[in-house]
Amino acid sequence: MSNNTLFQPAKCFDAPDSTPSDAGVAGTGILLSFMITAGLAILLSISIIVTEFRGNSASIRRKMLDGYSDSQIMQGIGIQSVGLAKMNTLVPYHFFLIWMLSLLSMATHNATLLALKRWHMIIQAVGMFLMAAIAVGAAIRIGTLSQAFGQPSVKLSDEGEKDWSFGQLLSLMLVILPLVSAIEIYRGEMRVEPKHCNVDEGRQRILDKEMQPMS
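Take the sequence shown: its position 193, counted from the start at 1, is 192 in numbering that gives the first Met the number 0, and no numbers get skipped.
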């Protein structure tokens, strides 16, 4: 029989007494990576909104936030793809964790859009409050329900989700990549364009020079 669970018939009867753990979905490193990235992204978003509201620049933080958002989006797509591939064998426990991780990814992406785009302050404030509430709620549910940090709602036949492996460590190390970019920017090895660039003003200066009479 093929190992590809995507094309296997769903097992809807005779539920087993226990189910195997799945470190690829609910491993300690994966859960920590999602939660840490979401927390840092939301804190950076709030910091950027407050800083730019006061008229100051936050170029390095914007670059870091962009990196965290991209990383979280890719991880969110990946975890949902794994869930789709295992849709016929996935137990509700793992499905719920995938849902919570997807909420963290969504909250991170929306918080990034609220911080990096121009919005009215009230929209940014309400939006950030909602995204922070969603992220905190999802993180609490993950912490209380997962085998890695709490008590799972189903009986698992092993404790594989608590074990560390290369995949778990790799997911957690992705959190460091935006920090590397920030250090490079700070040292002057990379250049970040300023947030506000008045294109119309620049064009007007060029037109003024062209309209000046030649001596």
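Glycine included, C-beta positions come from ideal geometry on N, C-alpha and C.
Buried/exposed call for residue i, threshold 16 Cβ in 10 Å
{"i": "Ser17", "result": "exposed"}
{"i": "Val125", "result": "exposed"}
{"i": "Gly66", "result": "buried"}
{"i": "Lys85", "result": "buried"}
{"i": "Met130", "result": "buried"}
{"i": "Ile48", "result": "buried"}
{"i": "Gln150", "result": "exposed"}
{"i": "Met172", "result": "exposed"}
{"i": "Leu215", "result": "With the chain represented from 0 up to 214, any question about residue 215 goes unanswered, as that position is not in the structure."}
{"i": "Leu89", "result": "buried"}
Assigned secondary structure, residue i (DSSP; H/G/I helix, E/B strand, else coil)
{"i": "Thr18", "result": "strand"}
{"i": "Leu89", "result": "coil"}
Contact check, residue i vs residue j, beta carbons under 8 Å
{"i": "Ser164", "j": "Lys62", "result": "no"}
{"i": "Ser152", "j": "Tyr92", "result": "yes"}
{"i": "Gln79", "j": "Ile97", "result": "yes"}
{"i": "Ser170", "j": "Gly28", "result": "yes"}
{"i": "Val110", "j": "Ser44", "result": "As written in the sequence, residue 110 is Ala, which differs from the Val given in the question. In this structure, Ser44 lies closer than 8 Å to Ala110 by Cβ."}
{"i": "Gln71", "j": "His108", "result": "yes"}
{"i": "Ile59", "j": "Tyr185", "result": "yes"}
Cβ separation of residue i and residue j, assumed to be a contact under 8 Å, to the nearest whole Å
{"i": "Thr50", "j": "Ala40", "result": "Incorrect: roughly 15 Å between the Cβ atoms, too far for contact."}
{"i": "Ile133", "j": "Leu102", "result": "6 Å"}
{"i": "Gly26", "j": "Val81", "result": "With 8 Å as the limit, Gly26 and Val81 do not qualify as a contact, their Cβ atoms being about 11 Å apart."}
{"i": "Leu64", "j": "Ala114", "result": "6 Å"}
{"i": "Ser20", "j": "Glu158", "result": "7 Å"}
{"i": "Leu30", "j": "Ala147", "result": "6 Å"}
_Three-pair Cβ contact test at 8 Å for the segment 30–49 versus the segment 125–145_ = A contact exists between the segment 30–49 and the segment 125–145.
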